[in-house]
Each structure stands twice: as C-alpha cells, then as structure tokens.
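Engineer: Residue numbers (this note's numbering): 26 to 232.
Virtual Cβ for every residue (Gly too), placed ideally from N, Cα, C.
Small disclaimer: the values here were computed from a predicted structure and weren't measured.
Got a structure for you, written out below as structure tokens; questions coming shortly.
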Amino acid sequence: HKLSIVQNSKSILDHFKQLCETGNTSLVLISGNPGVGKSALMKEVNERIVQSKGYFLTGKFDSNSRNIPLNAIIQAFTRFIRLILTETQEEIDDWKMILQKALGANGKIVTDVIPDLELIIGKQPDIVQLGSQENANRFYLVFINFIKAFANEEHPLVIFLDDCQWADNTSLELIKNVLGDDTATYIFPDLAYRDNEIGTNQTFFTE
26 HKLSIVQNSK
36 SILDHFKQLC
46 ETGNTSLVLI
56 SGNPGVGKSA
66 LMKEVNERIV
76 QSKGYFLTGK
86 FDSNSRNIPL
96 NAIIQAFTRF
106 IRLILTETQE
116 EIDDWKMILQ
126 KALGANGKIV
136 TDVIPDLELI
146 IGKQPDIVQL
156 GSQENANRFY
166 LVFINFIKAF
176 ANEEHPLVIF
186 LDDCQWADNT
196 SLELIKNVLG
206 DDTATYIFPD
216 LAYRDNEIGT
226 NQTFFTE
C-alpha cells in the first residue's frame, strides 16, 4: 500500500487510474494552508471519478466535533446510504443482500453509528458485548467489511475527508486498518489537512 502527498488534480487522477488498474488500495494526503484550494481540487477530480463509475464520498471534520468518533466518515456514508435509498426497490434489495452478507450477525455495530442503514438492511439484533479491546477490534473489522461491500473493480470507492487536522483517533485508526487489510481493494481514501495545524501527537500525517 502506498501513501502519497499530492497537490494537484493530475496526481490524484493518476493514483485513481492506478487503483482502477490494480485494485491496490492507497492513501493520498492533500496538504496545504487554509484557502489554497484543497477542497476545490477534489471537486475538480470528482467529476472524472464519477465518469469512471467510481463512488465518490465526502465528509468534513470539524473542530467542534473532535470528541465525536468517526464524525466525517459517518457523514460520508450516511449521505451515500441516502443516495442508495433513492434507487429502485430492486437495486435497494440488491444492496440489502450485499450488506447483509458483509455484516453477518454484526450489523448493529454499524447501524448504531449510521442509523439510516437500517432502512436498507432492517433492524439488527443486539450483539454480545466483549472486553473493551475486543469490542474495538471487532468494530474495526466489521466497519471495514461494511466499507469493502461498496468497493469493487466496477465501482472503485473514493472517500474524501476534509480538515483532517481535526480528525479523531478512531477515524485515523480505522483508515490505518483499511490500509493494512490486504483484502480491502479498490478503496481510495483522500485526506486533506492544514499542515500548519497538525499537532505533535498526529503522527499519522508525519510518519
């Protein structure tokens, strides 16, 4: 898996093309001070990605919501779920089968953080609580299975997360887990952040 820092649309599209050809999940970091056009850059790229039948999800971290785990990631997938709900019933039923297969008996782990998912897969049974570390490990595993359900060769999945200097540790850990999962293919996380506001504890952006 590769990690690259880019500052123009051609670099991002080159990485996306490579993803489409190989399936190898890679992470792109888009750094810069406020106002240099990081968000505009991704809007420019969005159209090309959609033309290639890629799914383009966006979420934005907020300095006032740093204590809410996965805030931007939940935003991104909630919007995507709502988009799926505008499709035909037959298409929604197809998604239901795909997602139920991906989540198995652990669907409630995801519906607890993305309640709109219940509108596709139905109300989910309670799950057995484990120790804190086991709960965390299971959460990452199940949420990655959820993400993988949307990504394939026909529809690569691009997840653009803005203002990642305010990202919570759970979000960054989830992204690390996605990158470390060899079965997570055709997934392209793009993280934009203000490099002048990165804290010394945010080694994710400086490693």
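Going by other Cβ atoms of all chains shown within 10 Å of its Cβ, with 16 needed for buried, is Asp151 buried or exposed?
Structural biologist: Against the sequence shown, residue 151 aligns to sequence position 126. Per the 10 Å Cβ criterion, exposed.
Engineer: Answer with buried or exposed for Pro140, where buried requires no fewer than 16 other C-beta atoms within 10 angstroms of its C-beta.
Structural biologist: Here residue 140 refers to the residue found at position 115 of the sequence shown. Classification for Pro140: exposed.
Engineer: Around the Cβ of Val75, are there at least 16 other Cβ atoms within 10 angstroms (buried) or fewer (exposed)?
Structural biologist: By 1-based counting over the sequence shown, the position of residue 75 is 50. Answer is exposed; the Cβ neighbour count stays below 16.
Engineer: Among the candidates Ala192, Asp215, Ile212, whose CA atom is the shortest distance from the CA of Asn92?
Structural biologist: In the sequence shown, the residue the question calls residue 92 occupies position 67. Nearest option by C-alpha distance: Ala192.
Engineer: Could you pull out every residue in the same chain whose Cβ sits closer than 8 Å to the Cβ of Ile106, ignoring the five residues on either side in sequence?
Structural biologist: For the purposes of this step, residue 106 is taken as the residue at position 81 of the sequence shown. Counting only Cβ-Cβ distances below 8 Å, and skipping sequence neighbours, we find Ile139, Asp141, Leu142, Leu144, Ile145.
Engineer: Let's test the definition: count the other Cβ atoms within 10 Å of the Cβ of Asn226 and tell me whether it reaches 16, buried, or not, exposed.
Structural biologist: Counting from one through the sequence shown, the residue named residue 226 turns up at place 201. Because the pLDDT of Asn226 is 49, which lies under 50, any placement of that residue in the model is unreliable, and the number read from its coordinates should be weighed accordingly. Under this definition Asn226 is an exposed residue.
Engineer: Tell me Lys85's beta-bridge partners as DSSP assigns them.
Structural biologist: Counted from its first residue, the sequence shown places residue 85 at position 60. Lys85 is bridged to Asp187.
Engineer: What is the DSSP secondary structure of Leu182, reduced to helix, strand or coil?
Structural biologist: Position 157 of the sequence shown, counted from the start, is the residue given in the question as residue 182. Strand at Leu182.
Engineer: Would Gly48 and Glu159 qualify as a contact pair, given that the criterion is a beta-carbon distance under 8 Å?
Structural biologist: For the purposes of this step, residue 48 is taken as the residue at position 23 of the sequence shown. For the purposes of this step, residue 159 is taken as the residue at position 134 of the sequence shown. No; because the gap between Cβ atoms is not below 8 Å, this pair is not in contact.
Engineer: Would a C-beta distance cut-off of 8 Å place Ile99 and Leu186 closer than the cut-off?
Structural biologist: Looking up residue 99 in the sequence shown gives position 74. Looking up residue 186 in the sequence shown gives position 161. Cβ distance not < 8 Å, so Ile99 and Leu186 don't count as in contact.
Engineer: Jot down the residue ranges of each uninterrupted alpha helix (DSSP H) in the segment 100 to 143, minimum 4 residues, whole runs only, in chain order.
Structural biologist: Runs found: 114 to 128, 132 to 136.
Engineer: Which residue comes first and which comes last in the alpha helix (DSSP H) that contains Asp39?
Structural biologist: Taking the sequence shown and counting its residues from 1, the one referred to as residue 39 is at position 14. Where Asp39 is concerned, the enclosing alpha helix (DSSP H) stretches over 34 to 47.
Engineer: Determine the closest residue to Leu38 out of Gly57, Thr50, Asn71, with distance taken between C-alpha atoms.
Structural biologist: The residue labelled residue 38 in the question sits at position 13 within the sequence shown. For Leu38, the nearest C-alpha among the options comes from Asn71.
Engineer: Does the distance from the CB of Asn131 to the CB of Val167 come in under 8 Å?
Structural biologist: As a working mapping, residue 131 is identified with position 106 in the sequence shown. As a working mapping, residue 167 is identified with position 142 in the sequence shown. Yes, they are a contact pair.
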